[in-house]
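*Asks:* Dropping the structure in here first, questions after.
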Amino acid sequence: MPVPDETAAQQLPSAIKALEDVEILCVDCRQTFVWSAGEQCFFRDKCLENPPKRCKECKKAKNKRLAAIELAALIGKRQHIEVQAQCAKCECITTVPFYPSQGRPVYCRACYLEANLPRSNGTTGRV
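FYI, the numbering for the sequence shown is 331 to 457, going by the working numbering.
Have a look at this one:
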C-alpha cells in the first residue's frame, strides 16, 4: 500500500488557510452566501476558473428544473410551466411560461403589450 505524501498533507491546511471565505450575491434569489475557503480549494484543484453564481438552495432548484426539462424531453411530454418573475418596467410580480434568461428583462403582460402593440404611426414601442 502506498504511503501518503506527507509534504502534500502538510501543505493542504496552509493552502486552505491562504484562502479566505468570500461573500457572493446569488443571481437568482439576490441573497448573499459564503464561498468557503475549502470550496475555493476544491474549485482550484478541479481547475474551475469561475466562482459559483448561485447559493446551494438555488443551485439545487436549478438542477431540479433542468432534470425535469430533460425528463420531459426524453419521454416526449410537452412541459407547461409558470415561473414567477419581476417585471423590468413596473416591478410587479408576474408569472411567465418560460425560465427567464439571466440578464434579460422580463415584462408583465400589460407592459409587454404596451411596448409591442402597433401605434397609430405604424411603429411599435419596442422595449
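We put the beta carbon where it would ideally sit given N, CA and C, even for glycine.
Ignoring anything shorter than 3 residues, give me the beta strand (DSSP E) runs that lie fully in the segment 377-405, in order along the chain.
*Replies:* none
*Asks:* Since V436 contacts T425 with CB under 8 Å, what's their CB separation in whole angstroms?
*Replies:* Actually they are not in contact, since the Cβ atoms of V436 and T425 sit about 10 Å apart, beyond 8 Å.
*Asks:* For Q416 and L401, I'd like the C-alpha separation in whole angstroms.
*Replies:* 28 Å
*Asks:* Report yes if the CB atom of V352 is closer than 8 Å to the CB atom of Q432, and no otherwise.
*Replies:* no
*Asks:* Where does F373 fall in DSSP's three states?
*Replies:* helix
*Asks:* Answer yes if the segment 364-374 comes into contact with the segment 393-408, meaning at least three C-beta pairs across the two stretches below 8 Å, and no otherwise.
*Replies:* No, the segment 393-408 does not touch the segment 364-374.
*Asks:* Considering A418, what are the terminal residues of the alpha helix (DSSP H) in which it resides?
*Replies:* Unbroken run through A418: none, as it is neither H nor E.
*Asks:* Who pairs with V426 in a beta bridge, going by DSSP?
*Replies:* V413
*Asks:* Note down the Cα distance separating V364 from E379, rounded to an integer number of angstroms.
*Replies:* 17 Å
*Asks:* Apart from the five residues on each side of it in sequence, which residues of its chain come closer than 8 Å, Cβ to Cβ, to A339?
*Replies:* A caution first: A339 carries a pLDDT of 43, below 50, which makes its placement in the model unreliable, though a value can still be read off. Contacts found: none.
*Asks:* With respect to the alpha helix (DSSP H) encompassing E444, which residues constitute its N-terminal and C-terminal limits?
*Replies:* Start and end: R439 to N446.
*Asks:* Over the uninterrupted beta strand (DSSP E) stretch that includes L355, give me the two end residues.
*Replies:* V352 to L355
*Asks:* Give every residue of the same chain whose Cβ lies closer than 6 Å to the Cβ of D335, excluding the five residues on either side of it in the sequence, and list them in chain order.
*Replies:* Confidence at D335 is low in this model, with a pLDDT of 48, below 50, so the placement of that residue should be treated as unreliable; the coordinate-derived value is given next. Contacts found: none.
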